[in-house]
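Enquirer: First, the structure itself, so that you have it in front of you.
2 protein chains.
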Amino acid sequence: MTGLLIRDVSVLIVPVVGECRVDEAQDIYVQDSRITAITPTGPVTAGEWEVIDGSGLVAVPGLVNSHTHSPMVMMRGAAEDLSIDDWFNQRIWPMEVNLTPERVRVGARLACAEMLLAGVTTFVDHYFHADQIAAAAVESGIRADLAPTYFSSAGPEAIDAAIATARELSTLDSRITASLGPHATYTVNDDDLRRTADIAQAEGFRIHLHAAETDDQTQSSVDKYGVTPMQVLERTGVLEAGTLIAHGCGIRESDLPILERYADRVTVASCPKVYLKLAMGEVTPIKGLQAAGVRVGVGTDGAAVHNTLDVWESLRMVALTQKQREHDAEWMPLSDIIRLATRGGAAAAGLADSIGALEPGRQADIVLVDLSKPHNQPIHDPRAALVYSVRASDVVTVVVDGNVVVRDRRLTTMDLDEVLADARALAHTLVDLSQGGAVQHYAP
Amino acid sequence: MTGLLIRDVSVLIVPVVGECRVDEAQDIYVQDSRITAITPTGPVTAGEWEVIDGSGLVAVPGLVNSHTHSPMVMMRGAAEDLSIDDWFNQRIWPMEVNLTPERVRVGARLACAEMLLAGVTTFVDHYFHADQIAAAAVESGIRADLAPTYFSSAGPEAIDAAIATARELSTLDSRITASLGPHATYTVNDDDLRRTADIAQAEGFRIHLHAAETDDQTQSSVDKYGVTPMQVLERTGVLEAGTLIAHGCGIRESDLPILERYADRVTVASCPKVYLKLAMGEVTPIKGLQAAGVRVGVGTDGAAVHNTLDVWESLRMVALTQKQREHDAEWMPLSDIIRLATRGGAAAAGLADSIGALEPGRQADIVLVDLSKPHNQPIHDPRAALVYSVRASDVVTVVVDGNVVVRDRRLTTMDLDEVLADARALAHTLVDLSQGGAVQHYAP
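Going line by line, the protein sequences match chains A and B. The first sequence begins at 20 in our numbering and counts up by one. The second sequence begins at 20 in our numbering and counts up by one.
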């Protein structure tokens, strides 16, 4: 069987703790979907190899989009300059009345194309018609963890159907995993959260949901129920089952000891472009979470608010907003933010041991980046270039699970023109508000 | 004489007030460095035309980088994760001991290349050896306003020399203007600011300086002298003479009535990536400034802290951080942030009447952007794409002063490989700290 050999490439090493570094002139050997060796460039090991010339490029671990709603690319730019209330109630939830399997599939294909071309090799998704998203992911070659979304308001049949979809997806493909996807603590009641946690425990699922997105939500929970959203997650068993919390900007100091108890199985995804754009007032308290041992990933959220699925942009925003939040320019240094977008994302995806670093034995999710363009030059520190000046367009070649899915900036797995044409043809159907109604009402 | 005709292009119209819009299927006629007509695509007007096919592209006014230190690209990534004090005192000002005319020229050439390729057609610069920056700007075809930098600590001869350079540059080339460049209210004393203002008034210069960069600086000024930096600028005649204030994050409510008195001649440049990265605690109070009638532009500051000279990135950061600052997602809407990066920048450059919009009679500074890639698709609102999803790499063609300086993503005016090789060859000399000393000490 032919393996893949990336020759003479600089390799970004992301240790579990401590400084990241770039080792120059390395050869990366890939066989059977895994990295088998990383060695100084030298004579080629015996065997049949498809060779990729990595000279002049930096190999980085595939980025992980730790929280998104991929098909929402279909609503990109359709809900601008709105408060969080209006964004949900005037636009997004009324628009989502228009969702159909076909429209979700078309959106997910576009999203997978956008992410792969930008060096995102795994995405952690939370949306409706997740079977369609899975199909797009499988076709595109990307890796994904998919949580079929449900609200309590949709009734028990809808919840059962979403959970059944998760069961189906969990055996679909080696690159696809599934999580249970209750929407949020404010849209799924405690009974349904308990049932979710029970099923997750019994069947080995993780849970992915929105919680404490803003401090207003936390305060509202305290006012109405006397408990914070984190306390809700604890008492319903969601934390015990293992969960990915999207956003968590409203996580309070008093919640940290709770999360610390489940730090081996709870992760948080931070998507700060969204927090600024919606003027949410807070960003994820990453410093406190990390002190509690909770692993944090970087995400884009959906493109209906983030406008891109660009994890380079997202990781840069995390670094900048964390420095701002802590009033400390030395906090969230280069190595730490790189670690969040790679190893942190791997943990958020439930794949901490198999992706997130370039090491023998891990799945071969590898991105080759060209830092030779003027906006990255000269390079005094390649880590700084990867955090503060790189553009997604600097991604040249992308390998997922040992397969070359982007070669010389072109998708190998899908016809991009067709993907784009399909999205353009259906875009207007997604944003049509003439049907009336909404899938949910935002009143946390 | 041959004119330039951009055929069948979508045109971003940026009015002085109100909503921006995109007019489809337009022809832009350019003659003698100016836009002569913008008409619906139709039969070609009689004359000799170099035709550029604009179909599928959006023409936007060339972006203005309202505040930068262009040669600092040579220090890109060399001063990361540092407090503002350490950034100045441990890195940048000790490094600037190494400045030579050649090194500044090499850096400025790289900066001009980076900016033009990203659709920045004008930059407003503040640095040493400004004659070298001017030479690079002239060579590259970009438009620039250049302020030769001086500190009081360097003595009267250095100040005289900087002012003499400004005089020389003001007659060098039609695309180059000059301003007087005292560094800041905390590095140039009141006597020197008064002399600067007198010369500016007498000779028709504008002034470009740093002031109230942080609230700490403002508080320090109040503690030491009993006045805010804005009061210093007023009493020394700097506001009266007309000035561009870089940053102004420490401008207080009480300063606004002062600035309102000079609103016809005072502008402010906002570079918020820097404010977050250095954990400065504040961003420019744009809402208050605009209410006082003060025009605001968007800038990158130097790449030693901003890491790029990408005004798309900068304008997006302004929009996001302004929404955050005002706790209002409806503030700084799409049309307003586009206006800041174009008309606002034009005002900051002292060119409010000649650049900053695509209108007959204005200089032909035109950028053609391709929004067809997956990360911008589908397009429900092209303004949203230009603010929240576009990448600098989507810039295809750039016209400055009627000249095509970037064609199909390639510089026409300079050999990019040579520019990059020169920068790489000298990069280590800029960051060498073995000489000891510093050009200045930060203790505002």
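For every residue, glycine included, the Cβ atom is placed at its ideal position computed from N, Cα and C.
1) For R381(A), which residues in the same chain have their Cβ closer than 7 Å to its Cβ, ignoring the five residues on either side in sequence?
2) Between Q220(B) and the rest of its own chain, which residues show a CB-CB distance below 6 Å, the 5 nearest in sequence each way excluded?
3) What residues of chain A sit near Q343(B), judged by a beta carbon separation below 7 Å?
4) Which residue from A44(A), G66(A), E69(A) puts its Cα closest to that of P59(A)?
5) So which residues of chain B does I398(A) contact, with C-beta pairs closer than 9 Å?
6) To which residues of the same chain is L297(A) closer than 6 Å at the C-beta, ignoring the five residues directly before and after it?
7) Hey, would you say V406(B) sits closer than 8 Å to G81(B), going by beta carbons?
8) Suppose contacts are defined by Cβ-Cβ distances below 8 Å. Is I57(A) in contact with R26(A) by that definition?
9) Within the 8 Å Cβ cut-off, does G431(A) reach chain B?
10) Would S453(B) count as contacting chain A if we go by Cβ distances under 8 Å?
11) How would you list, in chain order, the residues of chain B whose beta-carbon sits under 7 Å from the beta-carbon of R410(A)?
12) Is the separation between the beta-carbon of I226(A) and that of T196(A) shorter than 8 Å?
13) Mind checking R128(A): buried by the 16 CB within 10 Å criterion, or exposed?
14) Between the Cα of V425(A) and the Cα atoms of P291(A), G160(A), I47(A), which residue gives the shortest distance?
15) Any Cβ of chain A within less than 8 Å of the Cβ of T340(B)?
16) Any Cβ of chain E within less than 8 Å of the Cβ of K306(A)?
17) Going straight from the alpha carbon of D211(A) to that of A323(A), what length do you get?
18) Could you work out which residues of chain A lie near H202(B), taking near to mean beta carbons separated by less than 8 Å?
19) Any idea if Q454(B) is buried or exposed, counting beta-carbon neighbours within 10 angstroms, 16 or more meaning buried?
20) Let me know if E272(A) comes out buried or exposed under the rule of 16 or more other beta-carbons within 10 Å of its beta-carbon.
21) Suppose the cutoff is 7 Å on Cβ atoms and the five residues either side in sequence are ignored; what does the same chain contact list for R40(A) look like?
22) Name, please, each residue of chain A whose Cβ falls closer than 9 Å to the Cβ of A404(B).
23) Identify the contact partners of L136(A) in chain B, using a Cβ-Cβ distance below 7 Å as the criterion.
24) List the residues of chain A whose Cβ lies closer than 7 Å to the Cβ of D347(B), in chain order.
25) Using a C-beta to C-beta distance shorter than 9 Å, which residues of chain B count as neighbours of A132(A)?
26) Using a Cβ cut-off of 8 Å (strictly closer), state whether P34(A) contacts chain B.
27) Which residues in chain B have a C-beta closer than 8 Å to the C-beta of S273(A)? List them in chain order.
28) Strictly below 7 Å CB to CB, what residues from chain B border V450(A)?
29) How big is the Cα-Cα spacing for A156(B) and A163(B)?
30) Is it a yes or a no for the segment 230 to 249 of chain B touching the segment 185 to 201 of chain B, going by three-plus beta-carbon pairs under 8 Å?
31) For T64(A), does the count of other Cβ atoms within 10 angstroms reach 16, so buried, or fall short, so exposed?
32) What does L118(A) touch in chain B if you count any residue whose Cβ is under 8 Å from its own?
33) Does the Cβ of V313(B) have 16 or more other Cβ atoms within 10 Å, making it buried, or fewer, making it exposed?
34) Could you tell me which uninterrupted alpha helix (DSSP H) segments, each at least 4 residues in length, are contained entirely in the segment 263 to 330 of chain A, listed from first to last along the chain?
35) Would the beta-carbon of D217(B) be found less than 7 Å away from any heavy atom of the ligand NAD?
36) Flag this pair as yes or no: are the beta carbons of N395(A) and S412(A) separated by less than 8 Å?
Expert: For this structure:
1) Counting from one through the first sequence, the residue named residue 381(A) turns up at place 362. Once the five neighbours on either side are set aside, the close Cβ partners of R381(A) are R53, I54, S373, I374.
2) Your numbering for residue 220(B) matches position 201 in the second sequence. Once the five neighbours on either side are set aside, the close Cβ partners of Q220(B) are A260.
3) Counting from one through the second sequence, the residue named residue 343(B) turns up at place 324. Per Cβ cutoff of 7 Å: L295, A298.
4) Reading the first sequence from its first residue, position 40 is the one you call residue 59(A). Taking only the C-alpha atoms, the option nearest P59(A) is A44(A).
5) To locate residue 398(A), count along the first sequence from 1; it is residue 379. By Cβ distance, chain B contributes R95, G96, R443, A446.
6) The residue you call residue 297(A) lines up with position 278 of the first sequence. The answer, listed in chain order, is I103.
7) Along the second sequence, one-based indexing puts residue 406(B) at 387. Along the second sequence, one-based indexing puts residue 81(B) at 62. Contact: no.
8) Numbered from 1 along the first sequence, position 38 holds the residue referred to as residue 57(A). Numbered from 1 along the first sequence, position 7 holds the residue referred to as residue 26(A). It is not a contact, given that the beta carbons lie outside the stated cut-off.
9) On the first sequence, position 412 is the one that residue 431(A) refers to. Reading off the sequence, residue 431(A) comes out as Thr, not Gly. So, not an interface residue.
10) The residue labelled residue 453(B) in the question sits at position 434 within the second sequence. So no, S453(B) is outside the interface.
11) On the first sequence, residue 410(A) is found 391 positions in, with the first residue counted as 1. Result: R410, A411, S412.
12) Against the first sequence, residue 226(A) aligns to sequence position 207. Against the first sequence, residue 196(A) aligns to sequence position 177. No, Cβ-Cβ distance for I226(A) and T196(A) is not below 8 Å.
13) Your numbering for residue 128(A) matches position 109 in the first sequence. Buried, because 16 or more other Cβ atoms sit within 10 Å of the Cβ of R128(A).
14) For this step, residue 425(A) is matched to residue 406 along the first sequence. Looking only at P291(A), G160(A), I47(A), the smallest Cα-Cα distance to V425(A) is reached by G160(A).
15) Working through the second sequence from its first residue, we reach residue 340(B) at position 321. Chain A has a Cβ within less than 8 Å of the Cβ of T340(B).
16) Looking for chain E here will not work: the only protein chains present are A and B.
17) Here residue 211(A) corresponds to residue number 192 of the first sequence, with the count starting at 1. Here residue 323(A) corresponds to residue number 304 of the first sequence, with the count starting at 1. Taking the straight line from one Cα to the other gives about 27 Å.
18) Position 183 of the second sequence, counted from the first residue, corresponds to residue 202(B). The premise fails here: H202(B) is roughly 21 Å from chain A at the closest Cβ pair, so nothing lies under 8 Å.
19) Within the second sequence, residue 454(B) is the residue found at index 435, counting from 1. When all chains shown are included, Q454(B) counts as exposed.
20) Locating residue 272(A) in the first sequence gives position 253, counting from the first residue. Classification for E272(A): exposed.
21) Counting from 1 along the first sequence, the entry for residue 40(A) is found at position 21. Correct list, in chain order: I32.
22) The sequence position of residue 404(B) within the second sequence is 385, counting from 1. Near A404(B) (Cβ distances below 9 Å), the residues of chain A are R95, G96, N326.
23) Numbered from its first residue, the first sequence carries residue 136(A) at position 117. In chain order: P393.
24) Position 328 of the second sequence, counted from the first residue, corresponds to residue 347(B). Simply A298.
25) Position 113 of the first sequence, counting from 1, holds the residue named residue 132(A). In chain order: P393.
26) On the first sequence, position 15 is the one that residue 34(A) refers to. So, not an interface residue.
27) The sequence position of residue 273(A) within the first sequence is 254, counting from 1. Here the premise fails: no neighbours, minimum Cβ distance about 24 Å.
28) Sequence index remark: in the first sequence, residue 450(A) carries index 431 (1-based). The contacting residues are H399.
29) Within the second sequence, the letter at position 137 stands for residue 156(B). Within the second sequence, the letter at position 144 stands for residue 163(B). Taking the straight line from one Cα to the other gives about 7 Å.
30) no
31) The residue labelled residue 64(A) in the question sits at position 45 within the first sequence. Exposed is the call here.
32) Here residue 118(A) corresponds to residue number 99 of the first sequence, with the count starting at 1. Neighbours of L118(A) on chain B: none; closest Cβ ~15 Å, over 8 Å.
33) Taking the second sequence and counting its residues from 1, one reaches residue 313(B) at position 294. So V313(B) counts as buried.
34) 275 to 280, 291 to 296, 305 to 310, 322 to 325
35) As for the ligand NAD, it is missing from this structure, which has no ligand bound.
36) The residue labelled residue 395(A) in the question sits at position 376 within the first sequence. The residue labelled residue 412(A) in the question sits at position 393 within the first sequence. Contact flag unset, no.
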